[in-house]
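Numbering (the numbering used here), first residue to last: 1297 to 1660.
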């Protein structure tokens, strides 16, 4: 009896499975028939066409007004949404945003931030005095018919090609440069100078600086037969020409703790090329050629590069020192991790420490 019951159960299960399969097949056929006989509905595009009306829902929420359709203009809709958001953030104040307010791009000038300025610019590396490998190979290929000339090759001396191209330093270029400097908030231009500098260009630079409310400091480069006597004459030249009236002078005047009055600033490139005993003749109060306490007194900063050069600054009578090279690790004083020690040294002897940085500068 139990065996017959078991056989009946298996048979019933088979019938149930067949029924489910047939039902599924009929449902699938019905779905396909419905899909094929239903007409397609036009789907509106995601981006409205030029003739479509759209509604700024953001505008509706902000103004709590009735729906007002407007002709689609993407720029106008975005501008209106932004204006409404600004109004909400401003606390509902009635501000006319249709015309943007003018803003002054010029940052307040900081006289403690100073920038080196070269004019004219040496765009090319100095002419080689001996043949380069490239020239030697060209001479070898062509035999003795080709001889080496020092101006055979000119190599551009910049890492990035300048936006204003390889310009000559004219008054127009100076105005553009000084406008850029002013807009960066830099208050003092350090003019890199040597005795062959053209006086007409020098006067143009000072004139343009005055127009842009910039002050000028002088960096005296190394030059042949540079001595304490010639450097004193250089300082005298600038003070006589541009610095007699401090109130109207374009020279940069500063006051430090060790001085009783504001004085112009002079930077001395590679000051370590002259021994400290010679500097004492110019910068110590009892020196034979001293400028201290005279009408030619100045804040004189020495360019140094090694740890040992600190002694020249202290014993030579300088008012401080600067690093010049902007690349971190170029030498001891240009290495950032040494600046805290250099600052401590400067503070202990009441000296100015002027580190140099070069945003965007590429040393190669």
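Positions of the beta carbon are idealized from the N, C-alpha and C atoms, including for glycine.
Worksheet item: Do residue 1482 and residue 1409 have their C-beta atoms closer together than 8 Å?
Response: yes
Discussion item. In the DSSP output, which residue or residues are listed as bridge partners for residue 1515?
Written reply: 1488 and 1563
Practice prompt. Go through its chain and collect everything with a Cβ distance to residue 1440's Cβ below 7 Å, but skip five positions before and after it.
Written response: Here the model assigns residue 1440 a pLDDT of 45, short of 50, so the residue's position is not dependable and the matter cannot be decided.
Fill in: 8 Å Cβ cutoff, residue 1416 in contact with chain C
Absent from the structure: chain C. Only one protein chain is present.
Worksheet item: Cα separation between residue 1411 and residue 1609?
Response: 22 Å
Worksheet item: What first and last residue would you give for the alpha helix (DSSP H) that runs through residue 1531?
Response: 1524–1538
Worksheet item: If we count Cβ pairs, one from each stretch, closer than 8 Å, do we get three or more for the region 1488–1496 versus the region 1447–1461?
Response: no
Practice prompt. Check whether the Cβ atoms of residue 1528 and residue 1578 lie closer than 8 Å to each other.
Written response: yes
Worksheet item: Whose C-beta lies closer than 7 Å to the C-beta of residue 1632 among residues of the same chain, with five residues either side of it excluded?
Response: 1624
Worksheet item: How about residue 1599 and residue 1563: do their beta carbons lie closer than 8 Å?
Response: yes
Discussion item. Can you check which of these residues, 1622, 1464 and 1512, is closest to residue 1537 by C-alpha distance?
Written reply: 1512
Worksheet item: Going by beta carbon distance, what residues of the same chain come within less than 7 Å of residue 1651, once the five residues before and after it are set aside?
Response: 1619 and 1635
Worksheet entry | Limits of the beta strand (DSSP E) - the one that residue 1411 falls within | 1406–1413
Worksheet item: Are the Cβ atoms of residue 1595 and residue 1559 separated by less than 8 Å?
Response: yes
Fill in: Sheet register partners of residue 1420 (DSSP bridge)
1452
Practice prompt. Between the Cα of residue 1604 and those of 1587, 1641, 1615 and 1589, spot the shortest distance and give me the residue it belongs to.
Written response: 1641
Worksheet item: Does the beta-carbon distance from residue 1421 to residue 1451 come in below 8 Å?
Response: yes
Item to complete: Evaluate residue 1551 with the Cβ neighbour count: other Cβ atoms within 10 Å of its Cβ, from every protein chain shown; 16 or more gives buried, anything less gives exposed.
Response: exposed
Practice prompt. Would you kindly report the start and end of the unbroken alpha helix (DSSP H) that includes residue 1605?
Written response: Run containing residue 1605: none; DSSP gives neither H nor E here.
Worksheet item: What's the call for residue 1325, buried or exposed, on a 16-neighbour Cβ count within 10 Å?
Response: exposed
Worksheet item: Going by other Cβ atoms of all chains shown within 10 Å of its Cβ, with 16 needed for buried, is residue 1648 buried or exposed?
Response: buried
Worksheet item: Do you know offhand how far residue 1565's Cα is from residue 1573's?
Response: 18 Å
Practice prompt. Assign residue 1522 to buried or exposed, taking buried as 16 or more other Cβ atoms, counted over all protein chains shown, within 10 Å of its Cβ.
Written response: buried
Worksheet item: Between the beta-carbon of residue 1576 and the beta-carbon of residue 1616, is there less than 8 Å?
Response: no
Discussion item. For residue 1532 and residue 1592, what's the separation of their Cα atoms in angstroms?
Written reply: 6 Å
Worksheet item: By how many angstroms is the C-alpha of residue 1477 removed from the C-alpha of residue 1656?
Response: 15 Å
Item to complete: With DSSP as the reference, label residue 1639 as helix, strand or coil.
Response: helix
Practice prompt. Have a look at 1319, 1504 and 1316 and flag the residue whose alpha-carbon is nearest the alpha-carbon of residue 1468.
Written response: 1504
Discussion item. Going by DSSP in three states, residue 1346 sits in which element: helix, strand or coil?
Written reply: For residue 1346, the predicted model reports a pLDDT of 48, less than 50, meaning its position is unreliable; a value from the coordinates is still stated below. Of the three classes helix, strand and coil, the one that applies to residue 1346 here is coil, per DSSP.
Worksheet item: Got a sec, what are the start and stop residues for the beta strand (DSSP E) residue 1616 sits in?
Response: 1616–1618
Worksheet entry | Neighbourhood of residue 1597 by C-beta distance below 8 Å, restricted to the same chain and skipping five residues each side | 1561, 1562, 1563, 1564, 1614, 1615, 1616, 1617, 1618, 1648 and 1650
Practice prompt. With residue 1646 as the anchor, note down where its alpha helix (DSSP H) starts and where it stops.
Written response: That residue, residue 1646, is in no alpha helix (DSSP H); it is neither H nor E in DSSP.
Fill in: Three-way DSSP call (helix, strand, coil) for residue 1494 in this model
coil
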